[in-house]
Amino acid sequence: MPYQRVKGTRDILPPESAQWVYLEQFIRDFFRRNNYKEIRTPAFEFTELFVRGIGRDTDIVSKEMYTFLDKGGHSLTLKPELTAPVIRAYLQNDLAQQGAVTKLYYIDALFRQERPQKGRLRQFHQFGFEIIGSPYPEADAEVIQTMAALYQSLGIQKMEIRLNSIGSRESRANYLTVLRTALQPFTAEFCPTCQERLQKNILRLFDCKVATCQEILNQQAPSILNYLSAEDTHHFQEVCHLLDISQVVYTIDTKLVRGLDYYTRTTFEITSTLLGSQDAICGGGRYDHLVEDLGGKPTPAVGVASGIERLLLVLNQQGALSIPQPELVYVVTLSEEARAIGFKLLTFLREKGLNAEMDFLRRSLKAQLREADRNQAHWVIILGDDELQRQAYLLKNMRTGEQQNLAFDTPVNTLAEILKRD
RNA sequence: GUGAGUGUAGCUCAGUUUGGUAGAGCGACAGGUUGUGGCCCUGUUGGCCGCGGGUUCAAGUCCCGUCACUCACCCCA
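So in the working numbering the end of the first sequence lands on 445, straight run, no missing numbers.
This is the structure in structure tokens:
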């Protein structure tokens, strides 16, 4: 094997590639109907954008980025996340001028140097969308409701929406102090990783899967919802209310804390039991300071990103992806003269919008019919010596086995009509 | 970065315990039918047994190393 794929990358081959095309088209149609516009940003950005945007101490920035120096000595990074580049583009192109609220969606490839596992790759793909400019709960609720609606219309069956508020930066700082104090006495009882998290990033404790750690948290950790400011609480209640009246089913999970520094107030994710250990198909939330952190005017925003590989895993688990193929007409030719006539016929049929194919290996009739069958051809047009004699195509319906003759001088329109009938 | 599991035909996998001529199913190709697909029957094709070293008369099998893949941890979509 002379060359191999880089670890954590994948070739997307037929027939799987058809699923990708289907899903991408589905997403674009969906957003067109929901008045979001597509944005495409470059594959790489200046490293500093991610350091500022995502946070120096996050795992993404501290150990997962593909960073390199270009020939000018600039540090560049393959994008590991899409919100920061979108906000960069929003600021650089002054999209705020075009309206009070900006609604954008994207479908893109991302890169993170992690150990691959089920539902996690080094090059992976997300689609997502952002509402930039609104501080109000309607925006939060729309993001959640819209993503849920998209999944639903895609046919995702079992999903769980988990919702939380991590408050404003002030509320959160306050809560962290309380949390640290509350858990201090139990330091020794936590698992080794949690003891580390206790020091470095105490919110991450909530992610721990060890039963004893969860036990302590359940009994000792105060809920963040009790430490939100009045405004935070009101905002969260409004979001919940809007979801309730639009009949979006969710559960409040006070342990849901997201890993990127920029989140404020609303955080949520949607999980599926059909995935492995990495069970989130999307995650998002509000980020009211990112725009100003990246040098813009204070601008509230909220958004979400969904993993395309994970979505496809779920859809395939459900067996929900049946992608209709256009009917195929297979032209069988059995001599040099027939091949020329058949080739010309192909181009006519294609001009009439038919999916037409012929054999390029000059094989036997039997082999060509087998190939037509493998391709699930509806019709076969046979062109051999007999047909040249008679000056007529032999049309065979592969579903019924019925055959009929059709004179060469039959108008192509008439021929196309017959082939388009069931 | 850590741990566990797995690498044998295009694909799915036996064979490894106890060293002795590399197998099956599916697929592909062909014949049965000199112009008729699918079903059936027959045949053919197809392997540096991941790679390197060691032990041995002899290694797919035992030992050491290495690489890759998978799942999990960390964290995230």
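The beta-carbon is built from N, C-alpha and C at its ideal position, and this holds for glycine as well.
This one's a predicted model, so the numbers in the text were calculated from it and none came from an experiment.
Status (buried if at least 16 other CB within 10 Å, exposed otherwise) for F383:
By the Cβ-count criterion, F383 is exposed, with fewer than 16 other Cβ atoms from all chains shown falling within 10 Å of its own Cβ.
Alpha helix (DSSP H) runs contained entirely in the stretch 82-123, provided each spans 4 or more residues:
If only complete runs of 4 or more residues are kept, the stretch 82-123 shows the alpha helix (DSSP H) at 82-86 and 106-115, in order along the chain.
At 4 residues or longer, what runs of the alpha helix (DSSP H) sit wholly inside the stretch 227-303?
Runs found: 234-243 and 253-268.
Looking at C-alpha atoms only, which residue of G76, Q399 and D432 is the closest neighbour of Q414?
The shortest C-alpha separation from Q414 is found at D432.
For R143, which residues of its own chain have a beta-carbon under 7 Å away from its beta-carbon, when the five flanking residues on both sides are left out?
Once the five neighbours on either side are set aside, the close Cβ partners of R143 are E137 and Q301.
Determine whether the beta carbon atoms of K181 and L46 lie at a separation below 8 Å.
The answer is no: Cβ separation not under 8 Å.
Give the single residue among R135, V109, F134 and A132 whose Cα lies nearest to the Cα of T125.
A check of alpha carbon separations from T125 across R135, V109, F134 and A132 identifies V109 as the nearest.
What is the DSSP secondary structure of F53, counted as helix, strand or coil?
Correct three-state label for F53: helix.
So if DSSP puts V74 in a beta bridge, which residue, or which two residues, is it bridged to?
In the DSSP output, where bridge partners are listed per residue, V74 has none listed.
Buried/exposed call for G306, threshold 16 Cβ in 10 Å
Buried: at least 16 other Cβ atoms inside 10 Å.
What distance in whole Å lies between the Cβ atoms of L265 and Y273, which are believed to be in contact at a cut-off of 8 Å?
No, Y273 and L265 are not in contact; Cβ-Cβ is about 11 Å, not under 8 Å.
Report buried or exposed for Y26, applying the criterion of at least 16 other Cβ atoms within 10 angstroms of its Cβ.
By the 10 Å Cβ count, Y26 comes out exposed.
Mind the definition here: the stretch 156-164 touches the stretch 319-326 only if three or more C-beta pairs lie below 8 Å; say whether that holds.
Contact holds between the stretch 156-164 and the stretch 319-326, because three or more Cβ pairs, one in each stretch, are under 8 Å apart.
Hey, could you find the ends of the alpha helix (DSSP H) S176 is sitting in?
Taken as a continuous stretch (DSSP letters only), the alpha helix (DSSP H) holding S176 covers P160 to L177.
Counting along the chain, where does the beta strand (DSSP E) carrying E137 start and finish?
The continuous stretches of beta strand (DSSP E) do not include E137, and DSSP gives it neither H nor E.
Nearest-angstrom beta carbon gap, C236 and L248 [assumed within contact, 8 Å]:
Under the criterion of beta carbons closer than 8 Å, L248 and C236 do not qualify as touching, at roughly 21 Å.
Short of 6 Å in beta carbon distance, which residues of its chain neighbour L344, apart from the five on each side in sequence? Order them along the chain.
For L344, where only same-chain residues beyond five positions count, the Cβ hits under 6 Å are Q42 and L338.
DSSP state of R373, grouped into three classes?
Note: R373 maps to helix in three-state DSSP.
Excluding the five sequence neighbours on either side, which residues of its own chain have a C-beta within less than 7 Å of the C-beta of L127, listed in chain order?
Within the same chain, L127 has close Cβ partners Y59, K60, I62, V109, F152 and E153.
Could you tell me which residues DSSP pairs with A430 in its beta bridges?
In the DSSP assignment, A430 is bridged to A415.
Burial state of T81 (16 or more Cβ within 10 Å)
The residue in question, T81, is buried, as its Cβ has 16 or more Cβ neighbours within 10 Å.
I'd like the span of the beta strand (DSSP E) that includes Y353, first residue to last.
Here the beta strand (DSSP E) through Y353 covers L351 to T356.
Buried or exposed for E254, going by 16 or more other Cβ atoms inside 10 Å?
E254 should be labelled exposed.
8 Å CB neighbourhood of S98 in its chain, flanking five on each side removed
Within the same chain, Cβ atoms closer than 8 Å to the Cβ of S98 are found at F69, T70, E71, T90, F91 and L92, the five residues on either side in sequence being excluded.
Mind checking which residues open and close the beta strand (DSSP E) that includes A205?
DSSP places A205 outside any beta strand (DSSP E); the residue lies instead in the alpha helix (DSSP H), whose first and last residues are R192 to L206.
Would you mind sorting L388 into buried or exposed? The rule is 16 or more other CB atoms within 10 Å of its CB.
Exposed: under 16 other Cβ atoms inside 10 Å.
Give me the DSSP bridge partner(s) of Y310.
Partner(s): none; Y310 has no beta bridge.
Would you tell me roughly how many angstroms separate the C-alpha atoms of N398 and Q348, rounded to the nearest one?
Going from the Cα of N398 to the Cα of Q348 covers about 10 Å.
Out of H401, G96, Q168 and I225, point me to the one whose CA is closest to N378's CA.
Ranking H401, G96, Q168 and I225 by Cα distance to N378 puts H401 first.
H148 to E425 span [Cα, whole Å]:
Computed Cα separation, rounded: 47 Å.
C-beta contact flag for L357 and L406 at 8 Å
In this structure, L406 lies closer than 8 Å to L357 by Cβ.
With distances taken from CA atoms, which of Q427, L283, L429 and V403 is nearest M421?
When each option's Cα is compared against that of M421, the closest is V403.
Determine the burial state of Q175: buried for a count of at least 16 other Cβ atoms within 10 Å of its Cβ, exposed for fewer.
Exposed.
Does the Cβ of G330 have 16 or more other Cβ atoms within 10 Å, making it buried, or fewer, making it exposed?
Flag for G330 reads buried.
Sort D409, V355 and H257 by Cα distance to R393 and report the nearest one.
Answer by Cα proximity: V355.
Going straight from the alpha carbon of P103 to that of G299, what length do you get?
Inter-residue distance for P103 and G299 is about 22 Å (C-alpha atoms, whole angstroms).
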